[in-house]
Structure formats: structure tokens, C-alpha cells
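Heads up, the thing below is written out as C-alpha cells.
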Amino acid sequence: MKFLAYLRSIASRFFRRSRLEGDMEEELRSHILHRADDLVASGLDRAEALRRARIEFGGHERFKEECHEAIGGSFMETLISDVRYSLRLLRKSPGFMIAAILTLALGIGANAVVFSVMNAFLLRPLNVPQAESLFAVWRASSNSAYESYPDYLDLRERNHSFDDLTAFNVAEVSLDSGANPARAWAFEASGNYFDELRLQPFLGRFFHAADEHGANSAPYIVLSHSYWHTRFQDDRSVVGRIVQVNKHPYTILGVSPPGFHGTLVFFNPDFYVPIVNMEQVEGVNNLNTRKVRGVFMVMGHLKPGISPAQATADLKPIGSYFEKTYPQEDGNMDFSLARPGLYGDYLGGPIKAFLGGLMILAMLILLAACANLGSLFAARASDRAREVALRLALGANRVRILRQLFTEALLIALMGGVVGVLGSIVLLRALSAWRPFPRVPLHVIVAPDSTVYLVALLLTLASGFLFGAVPVRQILRTSPYEVVKSASARIVGRRVTVRELLLVGQIAICAVLVTSSMVAVRGLLRSFHSDFGFEIQNAMLADTDLSMGGYKGDRVPAMQKRMIEALEAVSGVESVGLTDQPPLGVAQNNTMAFTDRATDLRSGKEAADSYMYNVSPEYFRAAGTALLFGRSFTWHDDKNAPAVAVVNQQFARKLFGSVAEAIGGYYKVKDGTRIRVIGIVEDGKYANLAEDLQPAMFLPILQSPATQSWLVVRSSRPPAQLGPAIRNALRGLDAALPFSVSTWEQELDLAFFASRIATGSLGVMGVMGALLAITGIFGMAAYSVSKRLRELGIRMALGAQRREVLGAALERALKLLAFGSIAGLLLGALASRVLAFIVYQASSRDPLVLSGVVLVMALLGLIATWIPAQRALSIDPLRLLREE
Amino acid sequence: MTDQAQLLPGTLDLLILKAVSLGPLHGYGVLLRIGQISGRALLVEQGALYPALFRLVRQGLLEASWGTSENNRRAKFYELTSTGRKRLREETDGWNRLVSAIASALAARPEEV
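First to last, the sequence lines map onto chains P and U. First residue of the first sequence: 0, per numbering that gives the first Met the number 0; consecutive thereafter. First residue of the second sequence: 0, per numbering that gives the first Met the number 0; consecutive thereafter.
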């Protein structure tokens with residue numbers, strides 16, 4: 000309603016203005032008539048007297064303008080008249096208007112998208128009340144937040160700076176709400192989780208600290224709002240219903256509020272379950288041991304008035320208490336604070352760096368767009384030099400003319416900004432709905448908020464002023480007499496104009512974008528074909544967690560053996576292996592390895608922190624990991640046989656000095672067990688693609704059992720046939736056990752996620768940069784051809800060849816293109832060094848990339864100058880000369 | 000024309016107020032009155048008068064109404080409001096203080112310093 004009233008007031012001003020205008024006009028006319036009367040009285044004739052009176056009065060229009068200003072409130076009126084005038088002008092050149100709006104929309108849209116993502120991940124804290132005082136306890140010594148459950152309880156008891164501490168862990172479970180077991184992701188949370196986060200349930204109630212009475216004492220779950228929506232169709236009667244979690248009955252207590260997606264920004268759990276029920280949910284009970292750091296994160300609100308530094312200082316004595324009291328388990332404890340949402344700096348650091356870099360690129364795009372628009376405006380201003388000169392001659396002041404030009408620029412900017420923001424909203428919607436991995440609830444929920452709109456508006460206005468300012472000098476220097484005298488204002492003699500500089504800068508920016516996107520794409524392509532230490536082609540993975548089916552103790556390896564045998568029987572299958580975690584998967588297990596001579600088995604004294612896999616005898620063959628020396632396991636390497644391991648080359652080098660010494664050698668693990676190395680396999684990638692050589696050990700599943708079971712099935716049958724066959728074979732063993740089946744390549748999506756995202760966004764930026772370069776060069780070339788039509792026509796009439804005409808018309812544009820490209824290529828090569836941190840194997844010295852960039856830029860030049868060149872060639876000198 | 004003095008900035012408003020204080024005037028009349036009371040010594044650019052008149056009206060110092068002039072033409076007449084009268088008094092005092100201060104400053108001789 001307010002807006003309507005505002006519109007009405009503007010409208011009324013309009014009408015008032017026209018009345019006022021008449022009033023003012025009449026008054027000035029009356030003055031001139033009175034003066035003329037006096038002049039007539041002094042002896043002049045009427046016509047001459049009127050003429051003299053007008054001359055004496057001075058600049059009629061100027062004084063009228065000044066009168067308007069004197070009346071005040073004229074800012075709005077001037078603005079409206081400028082807007083109307085600008086709109087009228089723009090309507091006359093729709094091509095210019097559309098090109099300008101789209102150019103700016105690209106720039107603003109790119110910035111809005113990147114800024115929204117940055118806003119969602121970095122600037123806005125977790126969606127819980129008073130998130131600014133929420134901190135996780137970070138173990139600096141291991142650069143993680145993992146704690147053992149007893150350590151968590153001690154931390155909660157002994158600290159003085161948190162009002163309370165809550166803990167949570169991530170687990171994948173099977174949830175059956177009546178004959179439909181499906182996998183789901185849960186946060187196992189301490190009883191005080193929701194209370195510490197100061198949340199209220201959307202439906203029903205939460206669980207509380209008072210519900211915990213020891214292991215498996217709280218069979219309750221709280222559904223997340225989105226899971227309640229998708230799995231239970233918003234059914235309000237679910238509260239109080241009993242469902243099966245890993246075949247144990249659990250009561251649904253309530254539903255969490257819609258805006259709350261757990262305490263990790265990316266990872267949205269399906270439901271929450273008390274951590275005291277760990278044994279039923281995870282299949283193991285780590286509540287009483289300090290050996291296993293099974294709690295994902297410990298966090299809480301700082302007490303009012305406590306600073307993070309004070310809290311860190313307060314945690315120090317607790318760390319030394321741990322070291323002193325539990326030297327075996329808790330050697331080397333050093334605490335600090337971290338933000339929980341992005342898992343401290345572990346994820347937050349790279350994400351910050353990446354988004355920061357992306358923001359810079361987006362700004363560059365906007366800058367390129369502004370340069371583009373600036374040269375468009377400058378061209379327009381020189382075309383309008385006659386009009387401007389005429390207005391100056393009629394007494395308009397320059398400020399007024401500049402103001403009109405800025406109004407026009409801002410108008411274009413605003414329209415471009417609106418289009419850009421609308422486009423970015425569409426894009427962000429798609430991004431929010433996107434689930435990159437069907438198996439894992441990773442979400443990128445990005446909804447633009449008022450901050451985003453404000454930033455977009457500011458950027459829009461700033462760029463409007465930026466490109467609007469380009470023709471200012473030109474206008475200020477316009478001399479009415481010169482322009483009116485000669486047919487058109489042509490600034491001759493200047494070697495390089497502002498417009499050309501702008502174009503070079505813009506092409507350089509574009510070349511930077513093209514270079515970095517090509518480096519990234521090339522790096523990604525190369526990393527697909529690099530050596531992972533296993534063969535991803537012709538392999539499928541089937542995975543489950545036997546604890547979801549209620550398997551325990553000796554039933555676990557027995558079932559695993561049956562699964563392997565069942566899959567080996569599937570036709571076309573060459574080999575089947577089993578591991579508790581695939582390398583480059585969601586999570587990796589680590590363990591410390593000590594030399595055989597070591598007596599001090601505390602953390603910090605280990606010879607290596609090694610990845611650990613529990614595998615079946617056939618695993619190496621199925622995974623395609625080359626066994627270099629020694630032997631693999633057999634089914635006889637069981638609990639009664641001596642402990643054995645297969646290690647990789649890096650492990651052998653780290654613990655034994657060389658591969659040769661490792662075979663038959665012994666090493667120790669934390670609990671003191673001596674393990675004999677019976678085989679050596681090739682090195683590989685384990686946690687991420689960019690890592691250096693890492694030590695890894697493989698233990699037989701019969702000696703080191705685990706309920707997580709990933710079956711690696713090697714077969715050359717197409718996945719579309721093999722997948723259902725695998726599923727059938729496994730369903731025949733236990734219909735209630737939920738399985739996921741996928742190719743190994745699909746499973747690796749997670750490992751490639753970061754570089755895929757980086758490559759994708761850089762690719763988009765590159766395409767945008769290319770588009771801007773095309774329009775920029777096109778505008779320049781088209782303008783120079785149209786300005787020189789006459790000259791070119793004369794040259795042709797005098798017998799110039801096509802090649803010479805083309806040279807004359809486009810030489811300048813192509814030279815600028817070459818300059819800009821070279822500058823951009825050099826800058827891009829520098830920028831790509833930064834990329835190497837994110838994209839595995841990204842290298843800017845790649846000759847293929849360098850020649851690719853040159854090719855792309857040449858192609859862009861060709862596309863952009865094609866139409867102007869055609870126009871130059873189709874000049875008919877006779878017609879042209881006749882027209883002038 | 001050559002012996003006419005340029006107006007000091009800011010003095011046009013004061014002159015207009017003074018001219019109108021002697022009786023309602025239309026725009027051209029204000030111009031003539033200023034010429035008359037200044038002994039034709041002050042030059043006012045004709046067009047520049049109007050922005051000043053509009054400004055004074057907006058500040059509430061003058062009031063305008065349409066009427067008929069002595070030449071039997073339609074014209075807009077300006078009159079002083081009470082705030083205008085007050086402002087004229089203040090500005091006149093201020094001006095006199097300024098003039099006498101400057102005059103005594105300019106009259107200073109070396110022996111008086």
C-alpha cells in the first residue's frame with residue numbers, strides 16, 4: 000500500500016510539474032513583454048523590441064532549469080524526466096539496449112550466484128539460535144574433532160567455559176517403517192543435543208539428557224523435517240509410532256524444525272538417535288573405551304562473556320590431564336576451537352579459498368562486462384556528439400547532460416541487475432535441489448537472502464557508475480562549435496583511445512578465465528586416467544553394513560563368506576573381493592603402526608599413521624591392486640593363525656626402510672599385537688586424489704572383523720545387466736538387508752566432487768568470459784567498420800583488394816585481441832598455480848592448454864569479427880558515395 | 000553600462016527583499032526597482048532574477064499571486080511575508096555590520112596599528 004501511495008505522489012508531481020511549467024513559462028513571457036513595452040516606448044519598433052528583450056533576458060532554458068532547481072524537490076522531477084528521456088532513447092536502439100542488459104546480467108548474475116553460495120557457507124552461521132557462540136572442540140594435534148566417548152564426558156565435566164557440551168556422530172542405518180527397509184543417515188547425538196542447540200521441535204518432542212540411562216536405554220528417534228516429508232509424507236500421526244532401526248524397535252518422538260538440517264552445513268541427516276544406543280545403531284559399543292575415537296564432533300555454546308581465546312586456555316589443563324591420566328590412549332592432546340558447520344578449517348579452509356577465488360573470477364567477469372558496456376557507451380556518446388553539442392549550444396549545462404547520461408547508464412544497470420538476479424535465483428533453485436550423490440545426503444542449500452539482494456544492488460549501482468563514467472571526459476571536452484561545424488566529431492590523431500584500452504583489458508580478463516578453466520578441465524580429465532592403485536574399469540561395488548541386518552560376532556564373517564561365494568557364482572564374474580571401506584570412499588580408517596622394537600606405544604611415538612583396510616583373500620585380485628611381492632591372505636588366516644598383513648610400498652619404506660626388508664618382518668599396532676608382513680602391494684590413492692604417497696595396511700577380515708562390507712565384483716559384463724544380477728544374488732541370502740549397488744566409477748564421484756565442482760564452475764566462468772569477449776570485439780569491430788564505411792568504399796573504388804579492405808577494417812580489432820590474449824594467457828598461467836591446490840594434476844605449463852587457449856582466442860576473434868568483416872566486404876562503393 | 004557594479008554573491012536575495020518591501024512588484028518591476036533604488040549602479044542579469052524569486056517563495060519569504068500590471072498585462076506579483084520582513088531586518092543589520100567592519104578595516108592607518 001505504501002508503494003502505491005508513493006507512486007501516486009510521484010504521479011501528482013508530474014501533473015503539478017506540467018501546471019508549474021505553464022506558470023513559469025507565462026511569467027517569463029510576461030517579463031519579456033514588459034521589457035519590450037519599455038523598449039517600444041524608447042522608440043524601437045515592436046518586432047525589434049521583442050528580439051532585443053529576448054536577447055537581454057539570456058539563456059531562457061537555463062534559467063527555467065535553475066528555477067526548477069530553486070523550487071526544490073526537483074531531484075525527483077529531474078530524475079523522472081531523465082528516465083523518460085533515457086527510455087525514449089533506448090527504445091530507439093533496442094539492439095544496444097538488449098546487448099547492454101544481457102552483458103550486465105551475466106556479470107551481476109555470476110556475482111549473485113557465487114556470493115549466495117559464499118553467504119550460505121561462510122558468512123551465515125549454522126541455522127540455530129545464537130550460532131555465533133557455538134564452537135566445536137578441535138584436536139589440533141590430529142587436526143580433527145574426533146573424540147572418544149569417555150573423553151567427551153570428561154571434557155563436559157571438566158571445562159568451565161562452555162555452558163554444556165553435546166556430541167554427535169554420523170551413522171548409516173537401515174530404517175524399516177513396516178516391511179520396507181531402506182538405508183538412512185542418522186546423527187547419533189548426546190541426549191542434550193537439541194537442548195544445547197536451543198531448538199524447539201516442529202512436532203512431538205525431542206529426546207533429552209534425562210532420557211539416557213546407559214547403553215541402549217533410549218530407543219527413540221527424532222525425524223528431520225525433510226525426511227518426515229519425503230519418507231512419511233508429512234503424516235502428523237507418526238509421533239509415537241514404532242519403527243525398526245537395524246531391526247531394533249524405536250519410537251518416533253517428534254520432528255525437528257524445517258530450517259534445521261543438522262550441525263554440518265553440507266550433510267543433512269535423516270533422523271537423530273541418542274548416542275547411548277550406539278551398539279544397536281553402529282553395531283559396536285564404543286561408549287566405554289578411550290581407544291576408539293568414535294565421536295565425530297563435540298561442541299557447545301560458550302558461556303556469555305567467555306571469549307574463544309579464554310575457552311582455549313581453559314581446555315589446556317584438560318588436555319594435560321588426559322595426557323597424564325591416559326598416556327596410552329590420549330598422548331599428545333592439544334585443544335583449540337573451531338566452527339562446527341564446515342568441520343573447522345578442515346573443510347572450511349579449502350572451501351574459503353575456493354569460493355574466494357571464484358568470487359574474484361566473478362568480479363573479473365563483472366569488470367569485463369563493465370569494460371564492454373563502457374566502450375559501448377563511449378561509442379554511443381561519440382555518435383551522439385551532435386545532439387550533445389546542440390543541447391550545449393542551447394544553454395544546457397554539462398552537469399545536466401552528464402546527469403542524463405548517468406541516468407541512462409544506471410537504468411541499463413538496474414535492468415541488467417534485475418535480469419541477472421532473476422537468472423541467479425533460477426540457478427540457485429536448481430543447485431539447492433541437486434543431490435550430487437544419491438547415497439549420501441549431501442545438500443547445497445542456498446537460498447538468496449536480503450544480504451545477497453543488497454550486494455547485487457550495490458554491485459549493480461557501482462557498475463552503472465563505472466561504465467557510465469567512461470564517456471564523461473568525452474562529454475566534458477565536447478565543444479559545441481567544433482561539432483556543429485564539422486559533419487561528425489571524429490577524434491583524429493590519438494593513437495590509443497580509452498575504448499581500446501578497455502577492450503584490451505577485457506580480452507585479457509577473458510583470456511584469464513579461459514586459461515584457468517582449460518587448466519582445470521585438463522587436470523580433471525587427466526586425473527580420471529591416473530593410477531589409483533586399483534582398477535576402476537569393469538568393477539562394480541555392492542555395499543551394506545551387516546549390523547543393519549542384526550548380524551553380530553561370528554555370524555558376521557560367516558555371512559561375508561556366503562556373500563562372496565554367492566557373487567562368485569553369478570555368471571560373467573571373474574573375481575569377488577570384500578573390504579570394510581573402499582579406498583577414496585566416504586570415510587577411511589586410520590591406525591598407528593609402530594616398529595617391532597618400539598616399547599612406548601603412545602600416540603606421537605608411532606612410526607607411521609597408516610590407512611587400514613580389512614579385506615578378504617581375493618580382494619587384491621578383484622580390486623586390480625598389483626601384488627608385488629609375497630602372498631595374499633587365505634581363508635586360513637583366521638583368529639587361530641598368527642596375525643599377518645599385506646602392506647603397500649610406502650608402508651614398507653616407512654617402517655622397514657625398504658621393500659625387501661619388509662617381507663617376513665614384524666611391526667606392532669597400538670594394542671601391542673605383532674603383525675607379520677606377508678605381502679607387498681603397489682601404492683595407491685586412499686583419502687583423496689591430491690595426497691602424497693601414503694602408507695596403507697591390509698588385514699584379513701577373519702582376524703580383524705568389520706560389519707561394513709563392500710563387495711568388489713570384477714566382471715566385463717555391462718553394469719546394466721550385472722547390477723540386477725548382483726542384487727538378486729544378495730537378496731537371496733537375506734531379503735531384509737539393504738544393499739546399494741553401483742559401478743566403482745560412480746562411487747568415486749565423491750573423490751572427484753571437489754575438482755568436478757571447481758572445473759564446472761570455472762568452465763561456466765570461462766564460457767561467460769568468452770561470450771563477453773565476443774560481444775566486446777564484435778562491438779568494436781562493427782563500430783569501426785560502420786565509422787569507416789565511406790573510407791573503405793573509396794578504397795574499394797580505387798581498386799583495393801578484399802584482403803586490403805579487411806586489413807584496414809579489422810586490423811586494429813585483431814591487434815587488440817592479440818595483445819589482450821597474450822596478457823591474459825600470462826596472468827592465467829599465474830592464476831592456475833592456485834588451482835593446482837584444488838584440481839589434481841592441474842598444470843599451467845601444459846602445452847596442450849597453452850595452444851588450446853591460443854586456439855580458443857583466435858576462434859573467438861574469428862566469430863566476433865565475422866559479421867563486421869562481411870559488412871566491410873559487401874560495401875558497394877557506388878551506392879555509398881551516392882548516398883553521401 | 001560599464002560603471003555598473005557586479006553583484007556580490009548572496010546580495011541579490013537581499014536586494015529583492017528590499018525592493019519588494021517597498022510595495023508589491025512583478026518580476027520586471029523588481030528589476031526596475033533595484034535599478035531605481037541603487038541609482039542604476041547595480042547590474043542584475045534579467046533571467047537570473049527568476050531562480051532567486053522562486054527560491055525566496057519556497058523559503059516562505061515572498062508570496063506570489065497573479066494580477067494585472069500597469070501596462071495592462073497579466074503578471075505575477077510578489078509580496079513580502081512576515082518572515083520575509085523579519086529576514087530583511089536581520090540581513091540589513093548583518094550587512095551594515097559587515098560594511099562598517101570592512102570600512103573601518105580599510106580605513107586603518109599604520110600609526111593606529
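The beta-carbon is built from N, C-alpha and C at its ideal position, and this holds for glycine as well.
Check: Close beta carbons around Gly-623 of chain P, own chain, < 6 Å, minus the five adjacent residues each side; Outcome: Phe-533 and Glu-534
Check: Residue-level contact to chain U via CB, Glu-65 of chain P, 7 Å cutoff; Outcome: yes
Check: Contact residues within the stretch 33-48 of chain U, judged by C-beta distance below 9 Å to chain P; Outcome: Glu-44, Gln-45, Gly-46, Ala-47 and Leu-48
Check: Contact belief for Leu-202 of chain P with Val-511 of chain P at Cβ below 8 Å, rounded distance in angstroms; Outcome: The Cβ separation is near 52 Å, so there is no contact.
Check: Cβ pair count under 8 Å reaching 3, the stretch 693-705 of chain P against the stretch 619-637 of chain P; Outcome: yes
Check: Minimum Cβ-Cβ distance from Asp-36 of chain P to chain U less than 7 Å; Outcome: yes
Check: The alpha helix (DSSP H) enclosing Glu-195 of chain P, as first and last residue numbers; Outcome: 192-195
Check: Gly-213 of chain P Cβ short of 6 Å to the ligand ATP heavy atom set; Outcome: Ligands displayed in this structure: none; no statement on the ligand ATP is therefore possible.
Check: Buried/exposed call for Gly-356 of chain P, threshold 16 Cβ in 10 Å; Outcome: buried
Check: Continuous beta strand (DSSP E) stretch holding Glu-573 of chain P: start and end; Outcome: 572-578
Check: Endpoints, the beta strand (DSSP E) within which Lys-667 of chain P is located; Outcome: 665-668
Check: Every unbroken beta strand (DSSP E) inside the stretch 41-106 of chain U [3 residues or more]; Outcome: 61-67 and 73-79
Check: Within-7 Å CB hit, Lys-75 of chain U to chain P; Outcome: yes
Check: Span of the beta strand (DSSP E), counted from its first residue to its last, around Glu-171 of chain P; Outcome: 165-175
Check: Given 8 Å, three or more beta-carbon pairs between the stretch 288-296 of chain P and the stretch 239-258 of chain P; Outcome: no
Check: His-33 of chain P burial status per 10 Å Cβ neighbour count (16 or more: buried); Outcome: buried
Check: Proximal chain U residues relative to Gln-55 of chain P, where beta-carbon distance stays under 7 Å; Outcome: The question names Gln, yet the displayed sequence has Glu at residue 55 of chain P. Gln-45, listed in chain order.
Check: Any chain U beta carbon closer than 7 Å to Phe-376 of chain P; Outcome: no
Check: Neighbouring residues, chain U, relative to Glu-26 of chain P (Cβ below 8 Å); Outcome: Gly-26, Tyr-49, Ala-74 and Lys-75
Check: Residue burial classification, Ser-487 of chain P (beta-carbon count within 10 angstroms, cutoff 16); Outcome: Any answer about Ser-487 of chain P is weak, because its pLDDT of 48 lies below 50 and its placement is not dependable; what the coordinates show is given next. Looking at its Cβ environment, which holds fewer than 16 other Cβ atoms inside 10 Å, Ser-487 of chain P is exposed.
Check: Per DSSP, the bridge partner or partners of Glu-146 of chain P; Outcome: P:Val-294
Check: The stretch 307-325 of chain P contacting the stretch 356-371 of chain P, beta-carbon criterion three pairs below 8 Å; Outcome: no
Check: contact_flag[the stretch 560-570 of chain P, the stretch 719-729 of chain P] where n(CB pairs < 8 Å) is 3 or more; Outcome: yes
Check: Between the CA atoms of Lys-85 of chain U and Leu-89 of chain P - distance to the nearest angstrom; Outcome: 51 Å
Check: Boundaries (first-last residue) of the alpha helix (DSSP H) holding Ser-739 of chain P; Outcome: Per DSSP, Ser-739 of chain P belongs to no alpha helix (DSSP H); it is in the beta strand (DSSP E), 739-742.
Check: Contacts of Gly-347 of chain P in chain U (Cβ-Cβ under 8 Å); Outcome: None at all; the shortest Cβ gap to chain U is about 58 Å.
Check: Rounded straight-line distance, which links the Cα of Gly-46 of chain U to that of Met-0 of chain U; Outcome: Model confidence at Met-0 of chain U stands at a pLDDT of 39, short of 50, so the residue's coordinates are unreliable and nothing is read from them.
Check: For Gly-177 of chain P, the nearest candidate out of P:Ser-820, P:Val-676 and P:Tyr-249 (CA to CA); Outcome: P:Tyr-249
Check: Within chain U, the residues that Ser-29 of chain P reaches when beta carbons sit closer than 9 Å; Outcome: His-25, Gly-26, Tyr-27, Ser-68, Arg-72, Arg-73, Ala-74 and Lys-75
Check: Counted within 10 angstroms of its Cβ, other Cβ atoms place Leu-52 of chain U as buried (16 or more) or exposed; Outcome: buried
Check: Ranges of the beta strand (DSSP E) found wholly within the stretch 546-619 of chain P, counting only runs of at least 3; Outcome: 572-578, 589-594 and 607-614
Check: Assumed close pair Leu-441 of chain P, Phe-265 of chain P - CB separation to whole angstroms, cut-off 8 Å; Outcome: 5 Å
Check: Per-residue burial, Ile-97 of chain P [other beta carbons within 10 Å of its own, 16 or more giving buried]; Outcome: exposed
Check: Assigned exposure category for Lys-653 of chain P - 16 Cβ within 10 Å defines buried; Outcome: buried
Check: Amino acids of chain U, ordered along the chain, whose beta-carbon sits closer than 8 Å to that of Gly-58 of chain P; Outcome: Gly-46
Check: Within chain U, partners of Leu-32 of chain P - CB distance below 7 Å; Outcome: Arg-72
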